[in-house]
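Since the structure comes first, as structure tokens, the remarks are kept for the end.
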Amino acid sequence: MPEHPRTRRRLAVLAGAAVVALVAAGGITIAALGRAGDVAATALPVAGDVAVHDPALVVGEGDDPWYVYSTGDERENAGAVQVRRSTDRGATWEYLGTAWGPSDSPRWAQEAVPGVVNYWAPELYEHDGTWYLYYAASTFGSNRSVIGLRTSPTLDPEDPDYAWTDRGEVWRSEPTDDYNAIDAGIVEDADGTPWMVFGSYWSGIQVVELTWPSGMPADGAEPVALASRLASPHAIEAPYVVPHDGWYYLFVSQDACCQGADSTYRIAVGRSRDVTGPYLTRDGTDMVVDGGDVLLETTGEMVGPGGQSASGGVLGFHFYDAATGGTPTLALREIAWDGEGWPVLTTREEQG
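Below is the structure:
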């Protein structure tokens, strides 16, 4: 099979990263650019029902409500995606139930992934008046996974037009694949073409081209690797791409989630001029070869921040609250940007 041009480019990037490593080993250092300095993020206070894991955040315009859809709880409505709303700009949250009930559970996903008990890491994206809800069906430790899609004209369960129509499977992975189809995040490029980043562990984060209005993969689309961790267990997941000032920023969660107060999640980032990469760190390391500048990690009782999404300049994520024994908890931060165009998530207090 002839070598794909993108493969040749990626091999060239990897070779360049090896050169950087050799230079560093010889005692020559590369100066870090544009450190945060006096730039700091703003933590937005939240209250109410904030027991959230893997939030998909939507910041409403003006006085419109904010929404968070999140990973389901197996004890309610067959593990359907949860729905929360804030009518005071994210300060107070109320639980509104789930996006679907037990009778509307995606049977096709349960057949594709035996043992599914809840649906993970939703993503919300609006296009041309339709909301697209992507979610994952998987089980821990397996890459037999599917990403599903539902659509609705509104996010508000109290709207008479509210209804999530099942559109079926978007992408799947099998044990024979070297990636895992979970944790979808949607981004449009400068031409309006939609892309889905996804993945965890195995070979890491992937991106695949979609098409509107179906929200499904483009004809002949194949995944392209964007980021990985070189050491076993290759702990990286929850990708989210944020366009900003001509760049695309790939936010990821590194290390281990879902272990309560023992979790080691942390949020890292790289950037690219192209949705399909390469995504590089400040010092030029490709995220495919274990790159990623850490933006936020365990601080005090905020343990293992990660599972992020972004909307309206605000990053939503969960952390495990050590004060409550490791309860997954919603957090919101206004993203700051330093003089070199890099995002900053730490507050002034965390910067010391």
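All residue numbers for the sequence shown refer to the numbering used here, where the first residue is 92 and numbers rise by one. Even glycine gets a Cβ: it sits at the ideal position worked out from N, Cα and C.
- One alpha carbon belongs to residue 426, the other to residue 442, and they sit about 15 Å apart.
- Relative to residue 326, the option among 369, 397, 283 whose CA is nearest is 397.
- In this structure, DSSP gives residue 255 a state outside helix and strand, which the three-state scheme calls coil.
- Its chain contains 127, 130, 131, 132, 386, 426, 427, 428, 429 as the residues whose beta carbon lies nearer than 8 Å to that of residue 435, once the 5 sequence neighbours on both sides are disregarded; these appear in chain order.
- Remark: three or more beta-carbon pairs, one from each stretch, lie closer than 8 Å, so the stretch 233-248 and the stretch 186-206 are flagged as touching.
- The three-state reading of DSSP puts residue 161 in strand, counting E and B together.
- Sequence-distant Cβ neighbours of residue 407 in its own chain, meaning closer than 6 Å and more than five residues away, are 146, 148, 400, 423.
- The secondary-structure analysis by DSSP pairs residue 225 across a beta bridge with 214, 240.
- Around residue 242, the same chain offers 221, 222, 223, 224, 255, 256, 258, 306 as residues with beta carbons nearer than 8 Å, after the five sequence neighbours per side are excluded.
- For residue 341 against residue 318, the beta-carbon gap comes to about 6 Å, under 8 Å, which counts as contact.
- Judged by DSSP in its simplified three-state form, residue 180 adopts coil rather than helix or strand.
- Residue 320 carries a coil assignment under DSSP once its states are collapsed to helix, strand and coil.
- Straight across, the Cα-Cα distance linking residue 411 with residue 358 is about 14 Å.
- Using a 10 angstroms sphere on the CB of residue 173, the tally of other CB atoms reaches 16 or more, which defines it as buried.
- Annotated as distal: residue 203 and residue 166, with beta-carbon spacing of 8 Å or more.
- A contact is defined here as three or more CB-CB pairs under 8 Å, and the stretch 350-357 fails this definition with respect to the stretch 366-381.
- As the crow flies, the alpha-carbon of residue 348 is around 16 Å from that of residue 289.
- For residue 350, no alpha helix (DSSP H) run applies, since DSSP gives it neither H nor E.
- Beta-bridge partners of residue 307 (DSSP): 302.
- Its chain contains 303, 304 as the residues whose beta carbon lies nearer than 8 Å to that of residue 219, once the 5 sequence neighbours on both sides are disregarded; these appear in chain order.
- Here residue 175 is buried. Its C-beta has 16 or more other C-beta atoms within 10 Å.
- Taking the CA atoms as reference points, residue 183 sits about 11 Å from residue 158.
- DSSP places residue 193 in the helix class (H, G or I) of the three-state scheme.
- Linking residue 134 to residue 162 through their CA atoms gives a straight-line distance of about 23 Å.
- Sequence-distant partners of residue 312 (beyond 5 residues in either direction) whose C-beta falls short of 6 Å from its own C-beta, in its chain, are 299, 300.
- Less than 8 Å divides the Cβ of residue 227 from the Cβ of residue 211.
- Taking C-beta separations shorter than 6 Å and ignoring five residues to either side along the sequence, the partners of residue 382 in its chain run 361, 372, 376, following chain order.
- Boundaries of the alpha helix (DSSP H) harbouring residue 441: 439-442, taken from the DSSP string.
- Within the DSSP bridge table, the entry for residue 277 names 287 as partners.
- Residue 424: member of the beta strand (DSSP E) spanning 418-425, first to last residue.
- In the three-state scheme derived from DSSP, where H, G and I count as helix and E and B as strand, residue 149 is classed as strand.
- One alpha carbon belongs to residue 414, the other to residue 283, and they sit about 44 Å apart.
- Within a 10 Å sphere around the beta-carbon of residue 214 sit 16 or more other beta-carbons, which makes this residue buried.
- Listed in chain order, the non-local C-beta contacts of residue 192 below 6 Å within the same chain comprise 168, local neighbours out to five positions each way being set aside.
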